[in-house]
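Residue numbers (our numbering): 123 to 349.
Note that the Cβ used here is the ideal one computed from N, Cα and C, for glycine as well.
Since this is a predicted model, take the numbers as computed values, not measurements.
Presented below is the structure to which this report refers.
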Ligand code: UDP
Ligand code: MG
């Protein structure tokens, strides 16, 4: 299989049909053999019913369901365990990331030899309360990790060589610094691609200031523990 798209989601019922239809268009146009793994992180809306409907309509759809809300990192972890593609692409469910980026991300892994390619939302459509803490987070992450060429560690849109996702354990709020974990596991060819970003079309953000503070604390503890 060429590509597994792993999509963690928490209460995103409105976005899912549109997102899957878009992914399907891109995959078919490029003749990719693929699967889309929706990981339902304890949604309390109808997200799971929507996934079941998509699954009944297409063999390319797979679903994982958590009984409660565990968080984005555990959702990615379970999606990574199940993924069968040579290249694994993660994407948020809210239509802020564009499936049109998939072919070039795939090419960068398979032809340019990258282990991991992180999206870079150079122009973001998020409120200032989000973009300012993000800048601070990324400056700190660049300084402590030595991965100087990444601007957007926490971008939900990323592509990985399959071995990378099978070699890292992510939990807590660790999805914010997967590039550091990949580097720690011996994968050094880490690149970046400027990607389109869009305003959230439905629903609302699940990551407020409190989660940001927890993320910063996690990062400090990782650095201290590594010494
Ligand atoms: N998400 C999740 N579990 C959570 C919080 C978020 O699976 O506990 C998903 C969410 O549904 C979305 C992605 O993680 O698909 C990114 O979340 P969000 O769009 O709220 O974050 P933002 O883009 O505002 O940083
Ligand atoms: Mg979002």
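At least 9 Å separates the beta-carbon of residue 162 from that of residue 125. In this structure, residue 131 has its beta carbon less than 8 Å from a heavy atom of the ligand UDP. Contact check for residue 323 against residue 135 fails: the beta carbons are separated by 9 Å or more. Residue 337 counts as buried, since no fewer than 16 other beta carbons sit within 10 angstroms of its beta carbon. When the beta-carbon positions are compared, residue 300 and residue 339 stay at least 9 Å from each other. Contact annotation: residue 228 and residue 292 have beta-carbon atoms that are not nearer than 9 Å. Along the length of the segment 136-183, whole alpha helix (DSSP H) runs at least 4 residues long occupy 138-151, 169-179, reported in chain order.
For residue 130, DSSP records a beta bridge to 161. By the neighbour-count definition (other C-beta atoms within 10 Å, threshold 16), residue 184 is a buried residue.
In the three-state DSSP reduction, residue 274 falls in the coil class, being neither helix nor strand. Boundaries of the beta strand (DSSP E) harbouring residue 280: 280-283, taken from the DSSP string. Contact residues of the ligand MG (beta-carbon closer than 6 Å to any heavy atom; chain order) are 214, 216, 218, 322, 327.
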